[in-house]
Amino acid sequence: MPTYPERPISGQRIVITGATNGIGKEMARALARRGAALTLVARNETKARDTVTELAAEPGVVTAPEYVVADLAELSSIRSAAAEITARYPVIDTLLNNAGIHSFSAGVTADGYEVMAGTNHLGPFLLTHLLLDRVIASGTARIVVTASEAHRSAARLDLDTFADPVPHGAIGSEPIYGRSKLLNILFTEELARRLDGTGVTVNCFCPGIVASGLVRGSRLLTGTARAASRTPLVRTPRQGAEMGIRLVLDESLGTTSGEFFTSTPGLRFLPAVSARRDGALRQRLFDRSAELVGAH
Ligand SMILES: NC(=O)c1ccc[n+]([C@@H]2O[C@H](COP(=O)([O-])OP(=O)(O)OC[C@H]3O[C@@H](n4cnc5c(N)ncnc54)[C@H](OP(=O)(O)O)[C@@H]3O)[C@@H](O)[C@H]2O)c1
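Below is the structure:
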């Protein structure tokens with residue numbers, strides 16, 4: 001049971017990425033049950049349809065969820081989806097940038113960027129940029145980003161090269177994934193600063209270690225996560241979703257912005273990594289990301 005005062009969200013438009021699986025699906029379920037009008041941004045239309053059917057059957061649903069197809073690893077696909085979303089909805093009350101991947105082998109997006117930087121950061125950056133007018137139109141909107149404590153193991157952040165393809169194997173994937181999650185946090189902090197005074201808050205969170213589809217690229221890790229999910233070490237997707245749901249619902253967080261919330265007790269006492277203390281770096285990252293996705 002939540003231990004915070006919940007604000008009503010019935011009828012509010014919530015756009016969420018990555019709701020066809022794992023943590024995102026559980027956040028979507030909880031919000032649909034409270035009567036929110038959901039729009040799922042999904043890359044797989046069959047999964048999107050199945051998820052809409054599943055969520056529409058939840059108790060408390062007022063409006064059946066809708067979906068828009070977009071591959072966050074393809075900028076043109078994001079542009080089309082954003083055009084569809086802005087045509088459909090004059091106002092977006094909450095944007096949940098949750099979709100993400102951990103790729104255990106090297107890869108690139110359709111636009112030639114390193115696949116985790118592209119999918120986890122540049123894609124959501126462009127989507128947010130294109131939907132921002134509708135979000136600001138809400139007057140009191142929230143943007144929530146699913147980041148990770150894995151940002152602490154990030155590879156060095158060089159603004160000239162962070163999106164360049166890089167060869168790596170399974171072990172070498174960790175710092176690249178971690179860097180993409182650091183980008184989520186720096187984006188959250190900088191966007192919050194830029195949106196100060198608009199009524200829009202931006203926060204991010206780590207869901208903890210969750211047995212989801214994230215490690216599906218590794219049979220070893222999938223088996224380990226499945227076994228560990230029977231222990232208190234690893235959470236179910238529903239447990240992993242709790243902090244994200246709170247960031248949408250908690251009435252007392254109405255003016256909190258630019259924060260990283262961790263779900264793992266004790267970790268909030270760890271000092272912030274040095275990149276998070278560098279305001280100039282955050283600003284330059286934001287401008288560089290805008291340049292890479294062609295956002296003006
Ligand atoms: N699991 C963990 O332990 C953990 C820990 C910290 C942070 N996180 C973060 O939590 C978020 C959700 O991950 P999860 O654990 O729930 O993983 P998941 O079960 O694999 O779900 C990921 C979701 O993102 C979608 N997605 C992936 N690539 C996409 C793309 N190119 N375009 C559009 N959608 C795409 C997936 O779509 P499909 O259904 O089509 O695959 C799926 O809906 C991620 O940002 C992840 O980094 C997870």
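By my numbering, the letter at position 23 of the sequence shown is numbered 23, and the numbering carries on one by one without gaps.
Every residue gets a Cβ at the ideal spot worked out from N, C-alpha and C, and that includes glycine.
Only a predicted model underlies this, so the values are computations on that prediction, with no experimental measurement involved.
Around the C-beta of Gly-22, 16 or more other C-beta atoms lie within 10 Å, and the residue is accordingly described as buried. Per DSSP, reduced to three states, the secondary structure at Ala-56 is helical.
Counting the other CB atoms within 10 Å of its CB gives Arg-194 a total below 16, which places it among the exposed residues.
Gly-22 has its Cβ nearer than 7 Å to a heavy atom of ligand 1. Distance from the C-beta of Gly-100 to the nearest heavy atom of ligand 1 is below 7 Å.
Nearest neighbour of Gly-266 by Cα position, chosen from Gly-208, Ser-252, Thr-224 and Ala-241, turns out to be Gly-208.
Shown here for Ser-257: same chain residues with a beta carbon closer than 7 Å to its own, the five before and five after excluded, namely Ala-192, Thr-201, Val-202 and Asn-203 in chain order.
Residue environment analysis places Ile-14 among the buried positions, since at least 16 neighbouring C-beta atoms fall within 10 angstroms of its C-beta. Close CB contacts of Lys-25 within its chain, under the 6 Å cut and outside five residues either way in sequence, are with Ala-19 (chain order). Using a cutoff of 7 Å, the CB of Leu-253 does not count as near ligand 1, since none of the ligand's heavy atoms is closer than that. At least one heavy atom of ligand 1 lies closer than 7 Å to the C-beta of Pro-237.
The shortest C-alpha to C-alpha distance from Asp-196 to any of Thr-140, Gly-169, Asn-184 and Ile-171 is the one to Thr-140.
A distance below 8 Å separates the beta carbons of Ala-32 and Pro-65. CA-CA distance, Arg-276 to Gly-118, rounds to 20 Å. Using a Cβ distance threshold of 8 Å, Gly-178 and Ala-154 count as a contacting pair. In this structure, Arg-219 has its beta carbon at no less than 7 Å from each heavy atom of ligand 1.
The Cβ atoms of Arg-282 and Leu-186 sit closer than 8 Å to each other. Contact between Leu-127 and Ala-82 holds, since their C-beta atoms are separated by about 6 Å, short of 8 Å.
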